[in-house]
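Residue numbering for the sequence shown follows our numbering, beginning at 26 and increasing consecutively. Each residue gets a CB set at the ideal place from its N, CA and C atoms; glycine is no exception.
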Amino acid sequence: MKTISIQDLKEGMILAQDIIGKYDLVFLTRGTRIIDEHIERIQNMDFMYVYIMDQDEIKEKVETHQLNRKVDEKLNEQYNKSLRSFKRIYDEVSLGKKIEAEIVQQSVSPLIEEVMTDNNILARLRSMKIVDDYTYKHSVNVCILSTMIGKWMKYSENDLNELAISAMLHDIGKSKIPKDILNKPARLSKDECRIMKGHATLGYEMLQKQRKISFDICCGVLQHHERLDGSGYPLGLKGGKIHRFARIIAVADIFDAMTSERVYKPKESPFKVAELIAQNRFGVLDPMISNQFLWNISKFYVGNIVKLNTGDIGEIVLINKQMPTRPLVKINNEFIDLNEQAEYTIMEVII
Ligand SMILES: [Fe+2]
26 MKTISIQDLK
36 EGMILAQDII
46 GKYDLVFLTR
56 GTRIIDEHIE
66 RIQNMDFMYV
76 YIMDQDEIKE
86 KVETHQLNRK
96 VDEKLNEQYN
106 KSLRSFKRIY
116 DEVSLGKKIE
126 AEIVQQSVSP
136 LIEEVMTDNN
146 ILARLRSMKI
156 VDDYTYKHSV
166 NVCILSTMIG
176 KWMKYSENDL
186 NELAISAMLH
196 DIGKSKIPKD
206 ILNKPARLSK
216 DECRIMKGHA
226 TLGYEMLQKQ
236 RKISFDICCG
246 VLQHHERLDG
256 SGYPLGLKGG
266 KIHRFARIIA
276 VADIFDAMTS
286 ERVYKPKESP
296 FKVAELIAQN
306 RFGVLDPMIS
316 NQFLWNISKF
326 YVGNIVKLNT
336 GDIGEIVLIN
346 KQMPTRPLVK
356 INNEFIDLNE
366 QAEYTIMEVI
376 I
């Protein structure tokens, strides 16, 4: 690291310090490669000197970047491994075969390993190239999200494993639902809706017969559409009667389903979905699970570029712990606190 005068700052140099601007917020972070626009802005601030990285530090930064790319490749590989195992289970079950506990375990193990070692898995998930059928992908995503929530809730290793299996199999009952109803790109009729809702019970019945699948796993599958106020299905269970796995899977299921693109609907912004979870966290969804989820996933988005409902493009610079879905966004040189300015909404996470 070396100090240089502001006048000597040149394009391509790499900052070795954070540059703190207006409102005591970080304007540029350590590691930023300087461009002309930055030089102009830094020169307009009251700085005389800045710290920049020397060659050794730059080399280290490049190595870290390459390491991160390797992590992405590994996650991609593990994800696809799980996807393939799950696809096998799902396709065999829809042909009338029994669920094999060993293959289910094979399908969740790579994901648990990734969730336990990578704290930034959600951000990495978004950048992965996966081209596959929604049903399989949704199950794998719900498995990852549920395991992450379980980790934040400090679940034991054994509980995490059972939760992951339950989440992976949460919609397995859909393998018995006629394809024309399952993939209908329009609103379902009353009768079709009733058949579709049967997937929770169907899944439970399929798993309950298996000796190596625990009762807890079965409860997560049966109850993942139950809601705390009794408005869910299949039994309309209330409050404490709903299994803890099912409460976690419910949050993960809503988040992934709404943030995914389908033939009949565009994907919603993760912040819009997080707001919906926040609105439902008292009475409908489990408040403790929802809060853990909202706080932890919001943190992943610091530094991301977002598009607001006004069309403005900005960067998320700070997450408000009380209102994690309403962060502070920097647009050019202005800061917009979404918590105070209700008219703004995040429509899209660009990067
Ligand atoms: Fe479901």
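Relative to ligand 2, is the shortest distance from any of its heavy atoms to the C-beta of residue 278 smaller than 7 Å?
-> By its list of ligands, the structure shown excludes ligand 2, since it contains just ligand 1.
Considering only the beta carbon of each residue, do residue 114 and residue 129 sit closer than 8 Å?
-> Counted from its first residue, the sequence shown places residue 114 at position 89. Counted from its first residue, the sequence shown places residue 129 at position 104. Cβ distance < 8 Å, so residue 114 and residue 129 count as in contact.
Check whether the region 163 to 177 touches the region 188 to 206, taking contact to mean three or more Cβ pairs, one atom from each stretch, closer than 8 Å.
yes
Which complete alpha helix (DSSP H) runs does the region 226 to 290 hold, if anything under 4 residues is left out?
240 to 248, 269 to 284
Q.
Tell me whether the region 94 to 113 and the region 74 to 83 touch, counting them as touching only if at least three CB pairs, one residue from each stretch, are closer than 8 Å.
A. no
Do residue 166 and residue 311 have their beta-carbon atoms positioned less than 8 Å apart in this structure?
In the sequence shown, counting from the first residue as 1, residue 311 sits at position 286. In the sequence shown, counting from the first residue as 1, residue 166 sits at position 141. Result no, Cβ atoms of residue 311 and residue 166 do not sit closer than 8 Å.
Answer yes or no: the CB of residue 192 versus the heavy atoms of ligand 1, is any distance below 7 Å?
Here residue 192 is taken as the residue at index 167 of the sequence shown, counted from 1. Every heavy atom of ligand 1 is 7 Å or more from the Cβ of residue 192, so no.
- prompt: ligand 1 heavy atoms versus the CB of residue 225: any closer than 7 Å?
  reply: For this step, residue 225 is matched to residue 200 along the sequence shown. Yes, ligand 1 has a heavy atom inside 7 Å of this Cβ.
Point to revise | Residue of 292, 314, 230, 254 minimising C-alpha distance to residue 244 | key: As a first step, residue 244 must be located in the sequence shown, where it is residue number 219. Among 292, 314, 230, 254, the Cα nearest to that of residue 244 belongs to 230.
On the three-state DSSP scale, how would you describe residue 100?
Taking the first residue of the sequence shown as 1, we reach residue 100 at position 75. Here residue 100 sits in helix by DSSP.
* To do: Leaving aside the five residues before and after residue 261 along the sequence, list all residues of the same chain whose C-beta is less than 6 Å from its C-beta, in chain order.
  => Here residue 261 corresponds to residue number 236 of the sequence shown, with the count starting at 1. Excluding residues within five positions, the ones whose Cβ falls inside 6 Å are 255.
Task: Residues of its chain near residue 213, where Cβ-Cβ distance is below 8 Å and the 5 sequence neighbours each way are ignored - done: For this step, residue 213 is matched to residue 188 along the sequence shown. So the qualifying residues of the chain are 206, 221.
query = DSSP state of residue 170, grouped into three classes?
reply = What you label residue 170 is simply residue 145 of the sequence shown in a count that begins at 1. Residue 170: helix per DSSP, three-state reduction.
Practice task
Using alpha carbons as the reference points, say which of 54, 330, 372 lies closest to residue 294.
Solution key: Working through the sequence shown from its first residue, we reach residue 294 at position 269. Nearest option by C-alpha distance: 372.
### Query
Where does residue 211 land, buried or exposed, given buried means 16+ other C-beta within 10 angstroms?
Taking the first residue of the sequence shown as 1, we reach residue 211 at position 186. That one is exposed.
Following a CB-centred definition, is residue 249 positioned closer than 7 Å to any heavy atom of ligand 1? Here residue 249 corresponds to residue number 224 of the sequence shown, with the count starting at 1. Yes, Cβ of residue 249 sits closer than 7 Å to a heavy atom of ligand 1.
query = Just the Cα atoms here: how many angstroms apart are residue 353 and residue 118?
reply = Walking along the sequence shown from the start, residue 353 turns up at place 328. Walking along the sequence shown from the start, residue 118 turns up at place 93. Whole-angstrom Cα-Cα distance: 47 Å.
- Which one of 265, 365, 66, 104 has the shortest CA to CA distance from residue 147? As a working mapping, residue 147 is identified with position 122 in the sequence shown. Closest option to residue 147, Cα to Cα, is 104.
Can you give me the Cβ contacts of residue 376 inside the same chain, cut-off strictly under 8 Å, excluding the 5 residues immediately before and after it?
Here residue 376 refers to the residue found at position 351 of the sequence shown. Once the five neighbours on either side are set aside, the close Cβ partners of residue 376 are 329, 330.
- Task: Mark residue 62 as exposed unless 16 or more other C-beta atoms lie within 10 angstroms of its C-beta, in which case mark it buried.
- Result: Residue 62 sits at position 37 when you count from the first residue of the sequence shown. Result: exposed.
field: Secondary structure of residue 221, DSSP reduced to three states
entry: Counting from one through the sequence shown, the residue named residue 221 turns up at place 196. Here residue 221 sits in helix by DSSP.
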